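**Student:**
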Amino acid sequence: MKKIDMLHREFNRLKVIEFDRKEGNRRYWKCQCKCGNIVSVDGNKLRNGHTKSCGCLREETRHKQRKENEYSIVDGYVKVKLNDNTHMLCDIEDWERLKIHH
Numbered sequence: 001m002k003k004i005d006m007l008h009r010e011f012n013r014l015k016v017i018e019f020d021r022k023e024g025n026r027r028y029w030k031c032q033c034k035c036g037n038i039v040s041v042d043g044n045k046l047r048n049g050h051t052k053s054c055g056c057l058r059e060e061t062r063h064k065q066r067k068e069n070e071y072s073i074v075d076g077y078v079k080v081k082l083n084d085n086t087h088m089l090c091d092i093e094d095w096e097r098l099k100i101h102h
């Protein structure tokens, strides 16, 4: 298999800074994320766009999703409108128990 030189290339939020290791036929590259973290990533996942950051992008997306959810109380139930336009209905007592875990 031909070795692809990915040194100094950028993939989404990750910049390849050095070759890390080879495991089987997979090559892993050390990358610096725009947030500053250093991670080792499978080169195939960098090239195909599967890995875009050190994980900070996922956290930002989750945080944004949480902020965009809308809550209202209707007839003793908590109605939650998620940012993907799905709805969830939960009675207030169960809602109070759920809030403890989030």
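Residue numbers (this note's numbering): 1 to 102.
Positions of the beta carbon are idealized from the N, C-alpha and C atoms, including for glycine.
These figures come from a predicted structure and were not determined experimentally.
#1: Excluding the five sequence neighbours on either side, which residues of its own chain have a C-beta within less than 8 angstroms of the C-beta of Arg26, listed in chain order?
#2: Classify Ser53: buried if its beta carbon has 16 or more other beta carbons within 10 angstroms, exposed otherwise.
#3: Please report how far the alpha carbon of Phe19 lies from the alpha carbon of Ile92, in whole angstroms.
#4: Starting from Asp20, follow its DSSP beta bridges and name the residues at the other end.
#5: Is it right to say Cys31 is buried, meaning 16 or more other beta carbons lie within 10 angstroms of its own, or is it exposed?
#6: Give the DSSP bridge partners of Ser72, in chain order.
**Tutor:** To lay it out plainly:
#1: Non-local C-beta neighbours of Arg26 in its own chain, meaning closer than 8 angstroms and more than five positions away in sequence, comprise Asp42, Gly43 and Asn44, ordered along the chain.
#2: When all chains shown are included, Ser53 counts as buried.
#3: Phe19 and Ile92: Cα-Cα distance of roughly 53 angstroms.
#4: Beta-bridge pairing links Asp20 to no other residue.
#5: Buried, since its Cβ has 16 or more Cβ neighbours within 10 Å.
#6: Within the DSSP bridge table, the entry for Ser72 names Lys79 as partners.
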